[in-house]
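Counting from 0, one number per residue, gives the positions in the sequence shown under numbering that gives the first Met the number 0. From the three backbone atoms N, C-alpha and C, an ideal C-beta is built for every residue, glycine too.
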Amino acid sequence: MGRAAERRADTPLVAGVRITHPDKLMFPELGLTKLDIARYYERVAARMLPHLAGRPLTLVFCPTGVGEGCAYLRHSKVWGPRVIRRVRIREKTKVGEYMVVDSIEGLISLAQMNVMEIHTWNSTADHVEQPDRIVFDLDPGKRIAWAQVIDAATLVRALLSGVGLKAWVKTTGGRGLHVVVPIVPEHEWAACLEFARAVALLMVERDPDRYTTDFRKDGRENKVLVDYLRNNRTNTSICAYAVRAREGAPISMPVSWADLKPSLKPGRFTVTTAGSYLTARRVDPWNDYRRAKQRLKLLA
Numbered sequence: 000m001g002r003a004a005e006r007r008a009d010t011p012l013v014a015g016v017r018i019t020h021p022d023k024l025m026f027p028e029l030g031l032t033k034l035d036i037a038r039y040y041e042r043v044a045a046r047m048l049p050h051l052a053g054r055p056l057t058l059v060f061c062p063t064g065v066g067e068g069c070a071y072l073r074h075s076k077v078w079g080p081r082v083i084r085r086v087r088i089r090e091k092t093k094v095g096e097y098m099v100v101d102s103i104e105g106l107i108s109l110a111q112m113n114v115m116e117i118h119t120w121n122s123t124a125d126h127v128e129q130p131d132r133i134v135f136d137l138d139p140g141k142r143i144a145w146a147q148v149i150d151a152a153t154l155v156r157a158l159l160s161g162v163g164l165k166a167w168v169k170t171t172g173g174r175g176l177h178v179v180v181p182i183v184p185e186h187e188w189a190a191c192l193e194f195a196r197a198v199a200l201l202m203v204e205r206d207p208d209r210y211t212t213d214f215r216k217d218g219r220e221n222k223v224l225v226d227y228l229r230n231n232r233t234n235t236s237i238c239a240y241a242v243r244a245r246e247g248a249p250i251s252m253p254v255s256w257a258d259l260k261p262s263l264k265p266g267r268f269t270v271t272t273a274g275s276y277l278t279a280r281r282v283d284p285w286n287d288y289r290r291a292k293q294r295l296k297l298l299a
């Protein structure tokens, strides 16, 4: 075998993308390699891309695997192939260049670049000033049980239903949940943020002993933080199906409201277990998400 052939054998193809250093340990405690991460994304790409494609990204870059050395990457300062698009977006004091993934090749290329976490904007690059979703990030205090997080998500869903909006839910890869509302991109960021804030404050008003919008950790051990600031311009949330750079290789998994029960522990969704879960549930619980043409009714 010639050297070129040997190099090709050492750099396997995943969705047409050549993976260099495929044996690099990204999760050393689990033995999960760079190739394992690339193959995971290949498996979930069909479900993940509708929630990823076209959106400006903030990434967590782990050049030596999960642990020390990981860093957030908002602007496109690192090498990247042509399949990863660059877009220029005006910020407060400058114009920033962001990466956008539109295809499975782009998604696998992120794994090739040692990107571990993929966070997305609430708007697409084509309509950057008009969000097409609202995200409620439910972050439990350390004494909050999983069942109470589910109660919080159920309350968000009920409040949204009261104004004619359907919502979808996913795990975050941590102890929390994201409640996601797709909307027609016709309102500016400020209006969407104010809507999310109003819903969050209504939750606090209903049960101030259970819910808060105060980010200070001291004093909220027994409360669920209703983080509506995910809806601020340039803020992001972890993409559906994306890996988290945390112990156990958890992922952010979309689930159905029917499946959202105390017995469905969020820690069960990992790079190694997601495949069997998705195989058992062949129907995507978010399969009607993109068909929801919902218009946001601004609250007075």
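Which stretch, first to last residue, makes up the alpha helix (DSSP H) that contains Arg46? Secondary structure note for Arg46: its alpha helix (DSSP H) is the uninterrupted segment 33-51.
Could you please give me the residues that DSSP links to Arg85 through a beta bridge? Its beta-bridge partners are Met98.
According to DSSP, is Gly57 part of a helix, a strand, or is it coil? Reading the sequence as shown, one finds Thr at residue 57 and not Gly. In this structure, Thr57 counts as strand in the three-state DSSP scheme.
Using CA coordinates, which residue listed in Glu204, Leu176, Pro265, Arg245 is at the minimum distance from Cys61? When each option's Cα is compared against that of Cys61, the closest is Arg245.
Evaluate Glu5 with the Cβ neighbour count: other Cβ atoms within 10 Å of its Cβ, from every protein chain shown; 16 or more gives buried, anything less gives exposed. Because the pLDDT of Glu5 is 47, which lies under 50, any placement of that residue in the model is unreliable, and the question is left without a value.
With a cut-off of 8 Å, do at least 3 Cβ pairs link the segment 252-268 to the segment 15-30? The segment 252-268 vs the segment 15-30: no contact.
So what's Asn231 in DSSP terms, helix, strand or just coil? Of the three classes helix, strand and coil, the one that applies to Asn231 here is coil, per DSSP.
First and last residue of the alpha helix (DSSP H) that includes Ile149? It spans 145-160 - the alpha helix (DSSP H) in which Ile149 sits, taken as one unbroken run.
Roughly how many angstroms separate the alpha carbons of Ala273 and Gly66, rounded to a whole number? Distance between the alpha carbons of Ala273 and Gly66: 22 Å.
Touching by the beta-carbon criterion (3+ pairs, under 8 Å), the segment 30-39 and the segment 126-133: Contact between the segment 30-39 and the segment 126-133 is absent, because fewer than three Cβ pairs lie under 8 Å.
Could you tell me which residues DSSP pairs with Phe135 in its beta bridges? Looking at the DSSP output, Phe135 sits in a beta bridge with Val178.
According to DSSP, simplified to helix, strand and coil, what is Pro265? The three-state secondary structure of Pro265, taken from DSSP, is helix.
For Ser236, write down the residues that DSSP places opposite it in a beta bridge. The bridge partners DSSP lists for Ser236 are Thr119.
Once you ignore the five residues that flank Leu297 on each side, which residues in its own chain have a CB closer than 8 Å to its CB? So the qualifying residues of the chain are His186, Ala190, Glu193, Phe194.
How long is the line joining the alpha carbons of Arg196 and Asp213, rounded to whole angstroms? Spanning the alpha carbons of Arg196 and Asp213 requires a straight line of approximately 12 Å.
Going by other Cβ atoms of all chains shown within 10 Å of its Cβ, with 16 needed for buried, is Lys93 buried or exposed? The residue is exposed, with fewer than 16 neighbouring Cβ atoms inside 10 Å.
For the segment 164-218, list the beta strand (DSSP E) runs that are entirely contained and at least 3 residues long, ordered along the chain. 167-170, 176-181, all fully within the segment 164-218.
Return helix, strand or coil for Asp22, following the three-state DSSP convention. If DSSP states are grouped into helix, strand and coil, Asp22 belongs with coil.
Find the nearest neighbour of Leu176 within the set Arg219, Asp206, Leu159, Ser236, judged by alpha-carbon distance. Taking only the C-alpha atoms, the option nearest Leu176 is Ser236.
Run of the alpha helix (DSSP H) containing Leu106, from where it starts to where it stops: That run of the alpha helix (DSSP H) goes 103-111.
Contact set for Leu137: own chain, Cβ-Cβ below 8 Å, skip 5 residues either direction: Taking Leu137 as the centre and dropping the five residues before and after it, the same chain places the C-beta of Val148, Ala151, Ala152, Val155, Gly175, Leu176, His177, Val178, Val223, Leu224, Val225, Asp226 closer than 8 Å to its C-beta, in chain order.
Three-state secondary structure (DSSP) at Tyr276? Tyr276: helix per DSSP, three-state reduction.
Supposed close pair Val254, Thr170 - CB separation, criterion 8 Å: Right, their Cβ atoms sit about 7 Å apart.
Any idea which residues DSSP pairs Val300 with across the strands? Given a span of 0 to 299 for the chain in the structure shown, any question on residue 300 remains unanswerable.
Do three or more CB pairs link the segment 75-88 to the segment 131-146 at distances below 8 Å? Too few Cβ pairs lie closer than 8 Å, so no.
Taking C-alpha atoms, which residue in Ile143, Leu72, Thr10, Ile103 lies nearest to Met115? Nearest option by C-alpha distance: Leu72.
Ala257 in three-state terms, based on DSSP: Coil, per DSSP.
In its own chain, which residues sit with a C-beta less than 8 Å from the C-beta of Tyr276, not counting the 5 before and 5 after it? Short of 8 Å from the beta carbon of Tyr276, and not among the five residues preceding or following it, lie these beta carbons of its own chain, in chain order: Met252, Arg267, Phe268.
Would you mind giving the Cβ-Cβ distance between Met47 and Ala199, rounded to the nearest angstrom? I have them listed as a contact below 8 Å. Contact doesn't hold; Cβ gap of about 27 Å is too wide.
So, is Val282 buried or exposed, given that buried needs 16 or more other C-beta atoms within 10 angstroms? Exposed, since its Cβ has fewer than 16 Cβ neighbours within 10 Å.
Exposed or buried, Val43, counting other C-beta atoms within 10 Å across all chains shown (16 or more means buried)? So Val43 ends up on the buried side.
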